[in-house]
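All residue numbers for the sequence shown refer to the working numbering, where the first residue is 1 and numbers rise by one.
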Amino acid sequence: MLRRFLIAVLLACGLILPAVAPDRAAAQIFMSPEDAKKLGAQEHPKILKEFGGPYDDPAIGAYVAGIAGRIAGQSGQPASSFTFTVLNSPVVNAFALPGGYVYITRGTLAIANNEAEAAGVLGHEIGHVIAHHSEKRYDKSVFTNLGVAGASILGSIFLGSGAGDLIGQVGQIGGGAYLAAFSRENELEADTIGVKLLSRVGYAPDAQAAFLQSLSDYSDLATKMAGQAGRDRMNDLFATHPGGPQRVREAMAAANEFPASPVYRRDEYLDRINGMLYGDDPKEGVVRGTTFMHPDLRLSFSVPDGWRISNTSDAVIASGSGGKLQFDIEGDKRKLQSSRNALDYLTRLWVPNLRLSNAEAITVGGMPAATGSARVQMKSGGSADVRFVAVGFPTDAILRFVIIAPAGGLSKIEPAMIRSVNTLKYLSEAEAKAIKPLRLKVVTVQPGDTAEKFAEQLPFGRFKLEQFRVLNGLREGETLKPGERVKLVE
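Pasting the structure below:
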């Protein structure tokens, strides 16, 4: 959350071969290539902001761009046609914008188990671009809302007095809502184009189906881990790319191409991603179990057991049975400078158009704070209860908590949520420095090693074995063999 490294990992490569191009007569393109390129360039910085910026590892960026370039090079389009970016996000997704902007997250690279699987994801996105799918479904309202498309919790739920002021103030759920799902026909067409390009490079097209099976397992596990808290799939690759392994098998049959000696390149791929960041980047803050910590901002707080906590680009969201909690930081320096105290900030600057009940000055962890509550109308026509808490932090920042529940339900979660707010802590310099990122570690299986033994080494609180299997593409009952290599997290 907040403070990003924006180090470009942008490399251009060539594209489009008549043999794999879609039927132009049947295609209805709603913008010229020049307009598509202009739109992609316009939205590219917003994508970087929403997804953590480019991953700060030029070697990884160049490696991925090289894979994509070999695939794209089979089509013969000018080198300036594509821009490939590895996004610094743990979210598992890949997508493309008009104008040849193709993105893959490091979270996706972590789930892939060989170069052919990563190539399959990239080939699919290149297929979308070649088929002009983004341009065909282009709607001005989609892209002009990028940056607020995720919408704050309140903005996406509430209407009525004060709601307009809350949109964009309370913080946003990470981007991706504008990445509406393609149709199944679009997906199959992108798969077919991608399979042909992959085959011509020599990659094994069936690796794409293997990756989607791993992704299916990952999706199922995420749902299981979320439990009653539910699961926000806004950024999920399945949410934006419907279908699965069977879809890829259909594309392989339609393409009718398979290399004589298919390339997987597992060892080279594992060497490349060995040491890559896994999960949150400390520069954005990290989630460890039910605790959020930010070393640069020197703060931490916890949510109750059983609540799902997510670190997004602009806010921390915790979801549980009965409601949500959202945390962010006031970013308007003028408001910080003009506020006299936390209560003045809350009532005059944060939610001036809401009639707050019981607005009062309090303390949180010995820090000056203020709180108040209100009932707000929902888009559905119902209402919800909201409690706001503003905390004056020692770093001259104002931290903001919003607790939300259905009308009449705030009393059920409020005690636990207030306890969470009161876990807010100003970290010592030593505590902040002790927060380290998690990274992938590739090891070789030795005689006697088992999935269960490796799983115990993972720094996760729950579902260790399941997470180890998903990370390594292992099906239920599949055993490890001495000499093979597996991914761990440390």
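Note that CB positions come from ideal geometry on N, CA and C, so glycine has one too. Being a predicted model, the structure only gives us computed values, none of them experimental.
Glutamate 187 is classed as buried because its beta carbon has at least 16 other beta carbons within 10 Å across all chains shown. In the three-state scheme derived from DSSP, where H, G and I count as helix and E and B as strand, threonine 347 is classed as helix.
Boundaries of the beta strand (DSSP E) around alanine 318: 316-320.
Leaving aside the five residues that flank serine 261 on each side, the residues in its chain whose CB is nearer than 8 Å to its CB run, in chain order, Gly202.
The alpha-carbon of arginine 265 is positioned some 7 Å away from that of alanine 116. Take the alpha-carbon of tyrosine 103 and the one of threonine 223: they are about 25 Å apart.
Residue environment analysis places aspartate 191 among the buried positions, since at least 16 neighbouring C-beta atoms fall within 10 angstroms of its C-beta.
For proline 54, the secondary structure class from DSSP, reduced to helix, strand or coil, is strand. If you draw a 10 Å sphere on the C-beta of asparagine 353, you find fewer than 16 other C-beta atoms in it, and that means exposed.
A buried status is given to glutamine 326, since no fewer than 16 other beta-carbon atoms sit within 10 Å of its beta-carbon.
Residue environment: aspartate 267 is assigned as exposed (fewer than 16 neighbouring CB atoms within 10 Å of its CB, all protein chains considered).
A distance below 8 Å separates the beta carbons of phenylalanine 393 and leucine 299.
Distances from the CA of asparagine 472 to each of Arg462, Thr450 and Gly461 were compared; the closest alpha carbon is that of Thr450. The way I'd put it, the stretch 291-307 does touch the stretch 425-436; three or more beta-carbon pairs between them come closer than 8 Å. For alanine 434, the secondary structure class from DSSP, reduced to helix, strand or coil, is coil.
In this structure alanine 94 is in contact with glutamate 125, their Cβ atoms being roughly 5 Å apart against a cut-off of 8 Å. Counting C-beta pairs with one atom in each stretch, the stretch 395-405 and the stretch 322-337 have three or more that are closer than 8 Å, which means they touch.
The closest CA to that of arginine 308, considering only Asp314, Thr291, Asp296 and Pro295, is found on Thr291. For asparagine 358, the number of other beta carbons within 10 angstroms of its own is below 16, and it is reported as exposed. Counted as a single uninterrupted DSSP element, the stretch harbouring glutamine 467 is not any beta strand (DSSP E) but the alpha helix (DSSP H) occupying residues 464-471. A distance below 8 Å between beta-carbons, with the five flanking residues on each side excluded, links phenylalanine 463 to the following residues of its chain, in chain order: Leu221, Lys224 and Met225.
The Cβ neighbour count for glutamine 446, taken over all protein chains shown within 10 Å, is under 16; the residue is labelled exposed. Sequence-distant partners of glutamate 466 (beyond 5 residues in either direction) whose C-beta falls short of 7 Å from its own C-beta, in its chain, are Leu221. In the structure shown, the three-state DSSP call for alanine 204 is coil. Per the coordinates, the alpha-carbon of alanine 416 lies some 49 Å from the alpha-carbon of histidine 132. Less than 8 Å divides the Cβ of alanine 110 from the Cβ of isoleucine 273.
Cβ-Cβ separation between alanine 370 and leucine 346: approximately 4 Å, consistent with a contact (criterion under 8 Å). For histidine 124, the uninterrupted alpha helix (DSSP H) segment begins and ends at 115-130. Boundaries of the alpha helix (DSSP H) harbouring arginine 272: 266-273, taken from the DSSP string.
The three-state reading of DSSP puts valine 445 in coil, since its state is none of H, G, I, E or B. Excluding its 5 nearest sequence neighbours in each direction, glycine 289 has C-beta neighbours in its own chain below 6 Å: Gly461, listed in chain order. If only uninterrupted alpha helix (DSSP H) runs of at least 4 residues are considered, those enclosed by the stretch 373-425 are 410-421. The three-state secondary structure of glycine 285, taken from DSSP, is coil. The beta carbon of glutamate 456 sits closer than 8 Å to those of Lys464, all from its chain and outside the five residues before and after it, given in chain order. For isoleucine 329 and valine 286, the gap between their C-alpha atoms comes out near 16 Å. When DSSP states are grouped into helix, strand and coil, aspartate 328 belongs to the strand group.
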